[in-house]
DNA sequence: TGCAAAGCGGACCCCGGTCCGAATTATGTC
DNA sequence: GACATAATTCGGACCGGGGTCCGCTTTGCA
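Structure, rendered in structure tokens:
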């Protein structure tokens, strides 16, 4: 479809390291030319500032570039597209959450029974989502990519794993998607800001849902 | 924010009749000037043709306007935005589904026990979604409006109603969202076209999920 | 037939995303 | 350490498409 012209080695797509299922969670970029790294940092700082000041979706890519003192093209080469930049802003806190449920102390991390880890996961993810809802909303990729983006895949993988332990005789892959849907920033935003539900109710609903699905009767 | 200039009666937003929870499901437009109705029909026809010919997201609004022999502005006044036009294309089949589960014969319509109606609902919705997935995908509104768009509200209202009958002691409003998430066109597309799952598996998963949630043990 | 309201259309704006010549950096060589 | 050279990056002109605006035309009604 959008393939390369014949016999031209496609020199594109550095964008961001695919950060494929990072288990070891180091700092960031593997190797990056000095100026590139500098500009990357400037861009993130500028973007964070603008977003904090005027709200995520009132910020234009050109503004970010200007505020960072670089050209527009630089932003796109580094982060791919708008979504990429916004997701980069969320990367730090997402990695913290990942670290917590992959290797942290129970009940979030290993050591607790799977159903309980699931409950803890929902609570943690929900709280993190509520923290900066607007940004998460604005960072949502277009519908076609919602499920292929790394953070989602990590979460899905984790939830599916726990489900397989808790309910071996179920389509855990699909159930995981269902569970994750209740943490979708768009849904959370709708429920809290348009229906006026308190965060507490979402947490309770998550717990209830986990109980129903894992058969952990009340 | 984007409010009207002071003391000017906002003469905007005809767009589309809000089609608020239409239970009586008549034809379409309530009252529309002759030329407007004619252009609306032309636009829908042109859009349908182009979408069928080249795929939904390869079609530009200007093209549709040109193909219908009207100006670009006309398209946007009539349908609000791109999403509105695409949703209008889906309106007919959506209304048919609504009619079926609101007033049709059991097990979809009234008469069967709620859990069974839920199972039937999922099957029906899933099949309809699969029929023209691409269009449904392209018609997806931006994340902020996914849950406020009329078709979703109708579905949610219906599912929540059935849930309240089947599991009175639960947060049925939230559970309904969870169930509906499994019918999300974006998810369906991901599972079928990127993970290669057969439609059958999605239907089975739906049934299983309903069973788990309503406690209808296998 | 005359008049107000509704509709029309295309010029216009804005912003996300692409492209390519110019400039900067890293590396191998003496 | 200085320099030549290849690889990367920079940056801003450019493009395409969604959405808006407003003067003009059409329609419906009295």
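Residue numbers (full-length UniProt numbering), protein chains in the order written: chain V, 1 to 218; chain Z, 1 to 218.
Just so it is clear, CB atoms sit at the ideal spot from N, CA and C, and this is done for glycine as well.
Small disclaimer: the values here were computed from a predicted structure and weren't measured.
Could you tell me the boundaries of the alpha helix (DSSP H) in which residue i lies?
i                      : result
residue 142 of chain V : Segment: none, residue 142 of chain V is in no alpha helix (DSSP H) and carries neither H nor E.
residue 117 of chain Z : 114-131
residue 172 of chain V : 172-181
residue 84 of chain V  : 82-103
residue 49 of chain V  : 34-54
residue 148 of chain Z : No alpha helix (DSSP H) holds residue 148 of chain Z; DSSP gives it neither H nor E.
residue 185 of chain V : 185-189
residue 207 of chain V : 199-214
residue 64 of chain Z  : 61-68
residue 73 of chain V  : 72-79
On a Cα-Cα basis, can you pick out the residue from the options that is closest to residue i?
i                      : options                      : result
residue 39 of chain V  : V:61, V:74 and V:60          : V:74
residue 188 of chain V : V:169, V:137 and V:106       : V:137
residue 141 of chain V : V:41, V:83, V:50 and V:52    : V:83
residue 43 of chain Z  : Z:172, Z:131, Z:77 and Z:55  : Z:77
residue 147 of chain V : Z:168, Z:130 and Z:182       : Z:182
residue 36 of chain V  : V:215, V:54 and V:69         : V:69
residue 110 of chain Z : Z:133, Z:52 and Z:165        : Z:165
residue 52 of chain V  : V:216, V:121, V:41 and V:132 : V:132
residue 197 of chain V : V:107, V:108, V:87 and V:130 : V:130
residue 176 of chain Z : Z:214, Z:186, Z:31 and Z:135 : Z:214
residue 134 of chain Z : Z:216, Z:201, Z:31 and Z:87  : Z:87
Compute the Euclidean distance between the alpha carbons of residue i and residue j, then round it to the nearest angstrom.
i                      : j                      : result
residue 103 of chain Z : residue 115 of chain V : 40 angstroms
residue 190 of chain Z : residue 101 of chain Z : 26 angstroms
residue 72 of chain Z  : residue 143 of chain V : 26 angstroms
residue 206 of chain Z : residue 155 of chain Z : 15 angstroms
residue 59 of chain Z  : residue 89 of chain Z  : 13 angstroms
residue 192 of chain V : residue 33 of chain V  : 44 angstroms
residue 209 of chain Z : residue 174 of chain V : 10 angstroms
residue 123 of chain Z : residue 180 of chain Z : 12 angstroms
residue 105 of chain Z : residue 161 of chain Z : 18 angstroms
residue 121 of chain Z : residue 98 of chain Z  : 10 angstroms
residue 45 of chain Z  : residue 151 of chain V : 41 angstroms
residue 80 of chain Z  : residue 47 of chain Z  : 15 angstroms
residue 50 of chain Z  : residue 64 of chain Z  : 7 angstroms
residue 54 of chain Z  : residue 95 of chain Z  : 25 angstroms
residue 119 of chain V : residue 203 of chain V : 9 angstroms
residue 139 of chain V : residue 126 of chain V : 16 angstroms
residue 169 of chain Z : residue 67 of chain Z  : 54 angstroms
residue 91 of chain V  : residue 145 of chain Z : 25 angstroms
residue 163 of chain Z : residue 61 of chain V  : 45 angstroms
residue 159 of chain V : residue 149 of chain V : 16 angstroms
residue 85 of chain Z  : residue 57 of chain V  : 24 angstroms
residue 113 of chain Z : residue 167 of chain Z : 12 angstroms
residue 186 of chain Z : residue 108 of chain Z : 24 angstroms
residue 199 of chain Z : residue 31 of chain V  : 44 angstroms
Answer with buried or exposed for residue i, where buried requires no fewer than 16 other C-beta atoms within 10 angstroms of its C-beta.
i                      : result
residue 194 of chain V : exposed
residue 276 of chain V : Because chain V in this structure spans residues 1 to 218, residue 276 of chain V falls outside the shown range and cannot be described.
residue 171 of chain Z : buried
residue 41 of chain V  : exposed
residue 184 of chain Z : buried
residue 157 of chain Z : exposed
residue 153 of chain Z : exposed
residue 117 of chain V : buried
Residue i CB to nearest chain Z CB: under 8 angstroms?
i                      : result
residue 84 of chain V  : no
residue 211 of chain V : no
residue 208 of chain V : yes
residue 198 of chain V : no
residue 143 of chain V : yes
residue 90 of chain V  : no
residue 162 of chain V : no
residue 129 of chain V : no
residue 60 of chain V  : no
residue 157 of chain V : no
residue 118 of chain V : no
Quick one: is residue i near chain V, going by C-beta distance under 8 angstroms?
i                      : result
residue 112 of chain Z : no
residue 216 of chain Z : no
residue 132 of chain Z : no
residue 146 of chain Z : yes
residue 171 of chain Z : yes
residue 187 of chain Z : yes
residue 190 of chain Z : yes
residue 126 of chain Z : no
residue 181 of chain Z : yes
residue 205 of chain Z : yes
residue 165 of chain Z : no
residue 174 of chain Z : yes
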